[in-house]
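*Asks:*
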């Protein structure tokens with residue numbers, strides 16, 4: 001016997017998570033404001049500096065993850081329709097993919113541009129401007145633009161990391177990594193501008209090149225993880241570094257029930273939430289409906305992400321399910 005158990009589609013976040021979601025939306029809106037102002041400021045003062053040009057491109061690409069997260073935050077709240085019977089939870093996974101592509105794309109661009117500059121041995125110069133009758137080295141304005149671009153992303157990135165872990169939002173987590181790339185690029189820009197001022201022409205591109213390797217690595221790892229989520233691989237933690245223990249924990253909790261002989265759980269990620277199937281071998285055939293409801297209660301108490309489960313009472317587990325199951 002089987003029965004589908006779950007919450008109302010489109011309302012997967014419990015009340016305790018709603019404040020975190022609202023804060024995440026506000027933080028992304030603030031991020032967009034800073035990126036727009038940073039893009040304008042950097043474009044005004046960047047001159048011939050490779051690092052400044054890189055920061056400018058970085059700020060433009062940095063707008064992609066916040067926009068993707070905000071769109072996903074609106075879409076995921078929609079109720080299921082005849083066309084989308086499982087709701088719009090996958091909008092979060094698509095936002096994760098978009099953010100990962102933006103992060104990887106920026107890393108590849110930064111690495112290519114930096115290597116090209118080093119190979120050509122281009123020697124950028126930083127001129128001066130007359131301000132109130134005095135000559136002002138434009139490097140000071142560049143450093144101010146870099147500070148405006150980098151400092152807020154340090155603060156916003158740390159907030160996003162905390163919220164991403166609380167909401168299990170991989171798109172938000174990748175956006176936080178993009179913010180890490182932003183402030184690292186800003187730091188490279190500072191070193192580059194100071195290096196040019198001291199006569200070290202190669203410092204500009206070398207600093208950007210070193211950081212590009214780390215950014216490209218993070219982008220590639222997250223892109224692979226996004227593809228894995230779309231292909232229904234088993235759940236992983238928000239940083240995509242290890243498998244999520246929820247399937248094993250749920251199987252163990254069910255196996256501890258007095259009427260359960262064996263239990264197996266198969267889950268996949270669907271945006272913020274986890275959906276899948278639960279196979280239970282009961283010791284007898286008494287009260288099947290009540291037992292299925294009890295499985296739902298155990299899942300609900302274990303993790304808020306378990307929102308849509310198909311529970312089946314079966315006489316025995318298949319070999320495939322048995323490998324993922326627990327026995328009393």
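Numbering (the UniProt record's numbering), first residue to last: 1 to 328.
Where is the CB? At the ideal position from N, CA and C, for every residue including glycine.
Going by other Cβ atoms of all chains shown within 10 Å of its Cβ, with 16 needed for buried, is residue 224 buried or exposed?
*Replies:* As a working mapping, residue 224 is identified with position 224 in the chain shown. Classification for residue 224: exposed.
*Asks:* What's the gap between the Cα of residue 308 and the Cα of residue 82?
*Replies:* Position 308 of the chain shown, counted from the first residue, corresponds to residue 308. Position 82 of the chain shown, counted from the first residue, corresponds to residue 82. Cα to Cα, residue 308 sits roughly 18 Å from residue 82.
*Asks:* Taking the straight line between their C-alpha atoms, what separation do you get for residue 207 and residue 58?
*Replies:* The residue you call residue 207 lines up with position 207 of the chain shown. The residue you call residue 58 lines up with position 58 of the chain shown. Each residue's Cα considered, the two are about 15 Å apart.
*Asks:* Would you tell me roughly how many angstroms separate the C-alpha atoms of residue 63 and residue 241, rounded to the nearest one?
*Replies:* Taking the first residue of the chain shown as position 1, residue 63 is located at position 63. Taking the first residue of the chain shown as position 1, residue 241 is located at position 241. Each residue's alpha carbon lies about 25 Å from the other.
*Asks:* Flag this pair as yes or no: are the beta carbons of residue 149 and residue 212 separated by less than 8 Å?
*Replies:* Taking the chain shown and counting its residues from 1, the one referred to as residue 149 is at position 149. Taking the chain shown and counting its residues from 1, the one referred to as residue 212 is at position 212. Their beta carbons are not under 8 Å apart, which means residue 149 does not touch residue 212 by this criterion.
*Asks:* Please report the distance separating the alpha-carbon of residue 287 from that of residue 85.
*Replies:* Counting from 1 along the chain shown, the entry for residue 287 is found at position 287. Counting from 1 along the chain shown, the entry for residue 85 is found at position 85. Straight-line Cα distance between these residues: approximately 30 Å.
*Asks:* Between residue 53 and residue 167, how many whole angstroms is the CB-CB distance? I'm expecting something under 8 Å.
*Replies:* Sequence index remark: in the chain shown, residue 53 carries index 53 (1-based). Sequence index remark: in the chain shown, residue 167 carries index 167 (1-based). With a Cβ gap of about 35 Å, residue 53 and residue 167 do not count as contacting.
*Asks:* Among all the DSSP beta bridges, which residues are the ones paired with residue 279?
*Replies:* Taking the chain shown and counting its residues from 1, the one referred to as residue 279 is at position 279. 264 and 312.
*Asks:* Name the two residues that bound the continuous alpha helix (DSSP H) containing residue 22.
*Replies:* Walking along the chain shown from the start, residue 22 turns up at place 22. Its alpha helix (DSSP H) spans residues 18-45.
*Asks:* How many Å lie between residue 270 and residue 93 at the Cα?
*Replies:* The sequence position of residue 270 within the chain shown is 270, counting from 1. The sequence position of residue 93 within the chain shown is 93, counting from 1. In a straight line, the C-alpha of residue 270 is about 7 Å away from that of residue 93.
*Asks:* Assuming residue 234 and residue 267 make a contact with CB atoms under 8 Å, what is their CB distance in whole Å?
*Replies:* Locating residue 234 in the chain shown gives position 234, counting from the first residue. Locating residue 267 in the chain shown gives position 267, counting from the first residue. The Cβ separation is near 7 Å, so the contact holds.
*Asks:* Going by DSSP, which residues form a beta bridge with residue 269?
*Replies:* As a working mapping, residue 269 is identified with position 269 in the chain shown. Looking at the DSSP assignment, residue 269 forms a beta bridge with 274.
*Asks:* Starting from the Cα of residue 33, find the closest Cα among 66, 272, 214 and 194 and give me that residue.
*Replies:* As a first step, residue 33 is located in the chain shown; it is residue number 33 there, counting from the start. Taking only the C-alpha atoms, the option nearest residue 33 is 66.
*Asks:* Counting along the chain, where does the alpha helix (DSSP H) carrying residue 218 start and finish?
*Replies:* In the chain shown, residue 218 corresponds to position 218, counting from 1. Run containing residue 218: 202-230, per the alpha helix (DSSP H) assignment.
*Asks:* Rounded to a whole number of angstroms, what is the C-alpha to C-alpha distance between residue 153 and residue 283?
*Replies:* Here the question's residue 153 lines up with position 153 in the chain shown. Here the question's residue 283 lines up with position 283 in the chain shown. Whole-angstrom Cα-Cα distance: 56 Å.
*Asks:* What residues in its chain sit with their C-beta under 6 Å from that of residue 303, if we drop five residues either side in the sequence?
*Replies:* What you label residue 303 is simply residue 303 of the chain shown in a count that begins at 1. Cβ within range, chain order: 246.
*Asks:* Which term fits residue 134, buried or exposed, when burial requires 16 or more other beta carbons within 10 angstroms of its beta carbon?
*Replies:* Start at 1 with the first residue of the chain shown, and residue 134 comes out as number 134. By the neighbour-count rule (16 or more Cβ atoms within 10 Å), residue 134 is not buried but exposed.
*Asks:* In the DSSP assignment, find the unbroken alpha helix (DSSP H) run with residue 136 in it and report its ends.
*Replies:* Here residue 136 refers to the residue found at position 136 of the chain shown. Looking at the DSSP string, residue 136 is not in any alpha helix (DSSP H); the run it does join, the beta strand (DSSP E), is 134-137.
*Asks:* On the criterion of 16 or more Cβ atoms from any shown chain inside 10 Å, does residue 184 qualify as buried, or is it exposed?
*Replies:* Position 184 of the chain shown, counted from the start, is the residue given in the question as residue 184. The residue is buried, with at least 16 neighbouring Cβ atoms inside 10 Å.
*Asks:* Just to confirm the assignment: which complete beta strand (DSSP E) runs, minimum length 3, are found wholly within the region 104-182?
*Replies:* As far as the region 104-182 is concerned, its whole beta strand (DSSP E) runs of at least 3 residues are 128-131 and 134-137.
*Asks:* For residue 265 and residue 295, I'd like the C-alpha separation in whole angstroms.
*Replies:* On the chain shown, position 265 is the one that residue 265 refers to. On the chain shown, position 295 is the one that residue 295 refers to. The alpha-carbon atoms of residue 265 and residue 295 are separated by roughly 11 Å.
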